[in-house]
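One structure is given here, and the rest of the page talks about it.
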Amino acid sequence: MDRATSFLYVCVDTCPGWCGWRSMKHGRSIRFNHEHCCPAWEKRLSGFHGICFRGTRGCDKVVDMTEHLNDDNESVSKQTGNYSRDGGELRIAVVGAGPAGVYSSDIFLRELHKRAAELGLPQDARIDLFERLPVPFGLVRYGVAPDHPAIKFISSALEKTLDNPDIHLYCDVDFGKDVTLGDLVPRYDAILFATGAVADKPLNLRGANLDGVYGAARFVQWYDGYPEGTRQWPLDARQVAVIGGGNVAMDVSRELVRRADDLKTGTDIPDNVYEGLAANQANELHLFIRRGVAQAKFSVQELRELEKLPGVQVIVDDKDFELDDETIEIAGQDKLTRQMVEELFTVRDMAEDMAMDEDANGFGSDFEGNPASKRYYIHFNCDPVEILGENGKVTALRVERTWTGADGDMHRTGEFVEYPVQAVYHAIGYKPASVEGVPYDSRRSVLANQDGRICTQTGVEMGGVDEVCPRLYATGWAKRGPVGLIGSTKSDALAIVDNMLEDLAEAKPTAAGTGAPAELEGAGTNTDAVFLGGARFGVDRDPRSIDRLLSSRGIRPIDFAGWKRVDAYERAQGAQEGREHKKVIDPEQIRDIALGQ
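According to UniProt numbering, the stretch in the sequence shown is residues 1 to 597, in order.
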């Protein structure tokens, strides 16, 4: 575009390149020479169709400016979509900086670079990654047990992704409060929600409201130093029950019987967690799984951690391991299930060896043959039906014995057993968070979506079909629920990125251009509506627009450099105690460190 080219620019009162030049007159046509504006002009104007900025002194005039372009700039009128097909960049917002959000950002950039020419899209993109917490990495930092440092090495890979000039981190920005859907739609070409889950699914048992009943998610938040979690945890129960047949149940059970000193070195636990675990009174733990050995959802790694607990005797019921040929055959059809079942039989054999060294107090040995001081019972085919209590406190857990068919269906026997316990932890799943302005599928406890594309639910409610919302997406737990390992989010990301690119390539032209100043956004169109009404994506092409918006609201985001300052501080604190890290848990302290205060 020739710098001397003049444009007839209608109904704006400031430079679309945001250089601060403000000599335009509202509602009047004016010959505007590019040399009087900033260098951003030619990039910002690309594809502009001449929309009067919403909210400009009440003006609602819309003018197609392509007819005013000089003949030598005819190519501009041929641009389609909210971005220039042969220049510029895509703008993508990702809400949630856990593994799902970071993986998706990385994969989007990689796939775009590979497929841009094929799809007719710009090869470049800017991704703005928003995170409610003051630090990134979500589940990796706040959902993995502290004695699994190897898994936390995933954060190193995630860090490499964030250290990318095309990805901009905005931590400590709460979607729905600090920014809304209405704020993001005009500033981005697509929005991806990777909001994960932090809350427990409710335990629908009689007695679930007794003192001493805890959700596993809250306990995980405590021992992982979640910024919004509690700082103290009651660990005075000597007999404890854990309900659940997955990895979170195994993590919680292990931490409840592990010696605190074993966590002091080699993990990043903060002082309050160490002190709490050191005072833990539990010496008997019961893990209850509703179905059989072949239907459990433990990883092999979790089971091997169980096999190496110092001072803990593992006890199982041999009858639970009497599997028929059909069950064994079906379990063998899936590699991970087969490996898990094989490892559970290893646990059974180990439990038999431990029982042979029983002392006068009834305790056997641990995995090394040393005297055990704690017992860890694993009960398969036991369905908890009621939590018993006295004076408002837990006293026992009643379970019904079940049996599980080869098809995985659970069958009741009518045989009940009561186990005296003073605390019950339930690890029956997380509930993905709802998102302001985005439809939520309460039946599946996920953001309403079709293959990751956000959709309405009004169609089903009216006996029809759901309608896909334009350019809104979900991935990870927000899309499929809290199942699978951390690595599972990569396959989600690949699938949803493919959908995003296809949709962007097929997007119809909209009123594109430089967009409006942040202070003028929001008038005239309800962009917070579930289906977005007539809102247009990506009309504001200024990458600094979101920064000005946040600043105007008093929000100070923590960027990647801020996270690196927090990480360096934690490493320095850990080094003083011979540890790699020592986690900072106070959110205000995190902010002060990140912002250099």
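All C-beta atoms in this analysis are idealised placements derived from N, C-alpha and C, irrespective of residue type, glycine included.
(request) Rounded to whole angstroms, what's the CA-CA distance from Val102 to Leu388? Just pull it up for me. (result) Here the alpha carbons of Leu388 and Val102 stand approximately 44 Å from one another.
(message) Using CA atoms only, rank isn't needed, just tell me which of Ile191, Phe137, Pro134 and Ala150 is closest to Val95.
(response) Nearest C-alpha to Val95: Ile191.
(request) Give me the Cα-Cα distance between Leu210 and Glu415, rounded to the nearest whole angstrom. (result) Leu210 and Glu415: Cα-Cα distance of roughly 24 Å.
(request) Going by CA-CA distance only, name the one from Ala278, Gly487, Pro270 and Thr395 that's closest to Glu580. (result) Ranking the options by Cα distance to Glu580, first place goes to Pro270.
(request) Could you name each continuous alpha helix (DSSP H) segment of 4 residues or more that falls completely within the stretch 396–421, going from the start of the chain to the end? (result) Correct list: empty.
(request) Go to His581, then tell me how far its alpha helix (DSSP H) extends in each direction, as first and last residue. (result) First-last for His581: undefined, no H or E at that position.
(message) For residue 650 and Ser552, what's the separation of their Cα atoms in angstroms?
(response) Residue 650 is absent from the structure shown; the chain starts at 1 and stops at 597.
(request) With DSSP collapsed to three states, give me the class of Phe345. (result) Phe345: helix per DSSP, three-state reduction.
(message) For the alpha helix (DSSP H) containing Ile590, name the first residue and the last one.
(response) Note, Ile590: alpha helix (DSSP H), Pro587 to Ala594.
(request) Using 10 angstroms around the beta-carbon of Arg54, count the other beta-carbons present and answer buried if the total reaches 16, otherwise exposed. (result) Here Arg54 scores only 30 on pLDDT, less than 50, and its place in the model is too uncertain to base an answer on.
(message) Could you check whether Arg187 and Asp540 sit closer than 8 Å to each other, using their CB atoms as the reference points?
(response) A contact, by the Cβ cut-off of 8 Å.
(message) Considering Cα atoms alone, identify which of Glu343, Gly292, Arg444 and Lys431 is closest to Asp324.
(response) Ranking the options by Cα distance to Asp324, first place goes to Gly292.
(request) Measure the C-alpha to C-alpha separation of Ser84 and Pro122 and round it to an integer number of angstroms. (result) A caution first: Ser84 carries a pLDDT of 47, below 50, which makes its placement in the model too unreliable to give a value.
(request) With DSSP collapsed to three states, give me the class of Arg115. (result) It is helical.
(request) With Ile330 as the anchor, note down where its alpha helix (DSSP H) starts and where it stops. (result) Taken as a continuous stretch (DSSP letters only), the alpha helix (DSSP H) holding Ile330 covers Asp325 to Ala331.
(request) Would you kindly report the start and end of the unbroken beta strand (DSSP E) that includes Asp383? (result) Looking at the DSSP string, the run of the beta strand (DSSP E) that includes Asp383 is Cys382 to Glu390.
(request) Using 10 angstroms around the beta-carbon of Thr230, count the other beta-carbons present and answer buried if the total reaches 16, otherwise exposed. (result) That one is exposed.
(message) So Phe288 and Ala241 are supposed to be a Cβ contact under 8 Å. How far apart are they, rounded?
(response) About 6 Å separates the CB atoms of Phe288 and Ala241; that is less than 8 Å, so the two are in contact.
(message) Just verifying my parser: in three-state terms, what is the DSSP assignment at Asn272?
(response) In this structure, Asn272 counts as helix in the three-state DSSP scheme.
(request) Return yes when the Cβ of Phe130 is within less than 8 Å of the Cβ of Phe175, no when it is not. (result) Yes, they are a contact pair.
(request) Answer yes or no: do Val438 and Leu485 have a C-beta to C-beta separation smaller than 8 Å? (result) Result no, Cβ atoms of Val438 and Leu485 do not sit closer than 8 Å.
(request) Alpha carbon to alpha carbon, how far is Asp334 from Glu307? Give it in angstroms, no decimals. (result) When only Cα atoms are considered, Glu307 and Asp334 end up about 23 Å apart.
(message) On a Cα-Cα basis, can you pick out the residue from Met410, Arg480 and Asp407 that is closest to Ser442?
(response) The candidate whose alpha carbon is nearest that of Ser442 is Arg480.
(message) Tell me which residue opens and which closes the alpha helix (DSSP H) that Gly215 is part of.
(response) From DSSP, Gly215 is part of no alpha helix (DSSP H) but of the beta strand (DSSP E) over Val213 to Gly215.
(message) Going by beta-carbon coordinates alone, are Thr161 and Ala478 separated by less than 8 Å?
(response) Going by C-beta atoms, Thr161 is not nearer than 8 Å to Ala478.
(message) Tell me the DSSP secondary structure of Glu577 in three-state form.
(response) Collapsing the DSSP output to three states places Glu577 in coil.
(message) What would DSSP say about Asn247, mapped onto helix, strand or coil?
(response) Judged by DSSP in its simplified three-state form, Asn247 adopts helix.
(request) Hey, could you find the ends of the beta strand (DSSP E) Asp128 is sitting in? (result) Counting along the chain, the beta strand (DSSP E) containing Asp128 begins and ends at Ala125 to Glu131.
(message) DSSP three-state label for Gln597, please.
(response) Coil.
(message) Distance check for Ala217 and Val314, CA to CA, integer angstroms please.
(response) Val314 and Ala217: Cα-Cα distance of roughly 24 Å.
(request) Determine the DSSP secondary structure at Pro432, reduced to helix, strand or coil. (result) The answer is strand: DSSP assigns Pro432 an E or B state.
(message) Does the structure place the stretch 275–288 close enough to the stretch 330–346 that three or more beta carbon pairs sit under 8 Å?
(response) Touching, no, given that fewer than three Cβ pairs across the two stretches are closer than 8 Å.
(request) Assign Ser488 to one of three DSSP states: helix, strand, or coil. (result) DSSP, reduced to helix, strand and coil, places Ser488 within a helical segment of the structure shown.
(request) Give me the Cα-Cα distance between Ala572 and Leu263, rounded to the nearest whole angstrom. (result) Rounded to whole angstroms, the gap between the alpha carbons of Ala572 and Leu263 is 18 Å.
(message) Just list the residues that DSSP pairs Ser104 with in beta bridges.
(response) None, per the DSSP bridge assignment.
(request) Determine the burial state of Ile328: buried for a count of at least 16 other Cβ atoms within 10 Å of its Cβ, exposed for fewer. (result) If you draw a 10 Å sphere on the C-beta of Ile328, you find fewer than 16 other C-beta atoms in it, and that means exposed.
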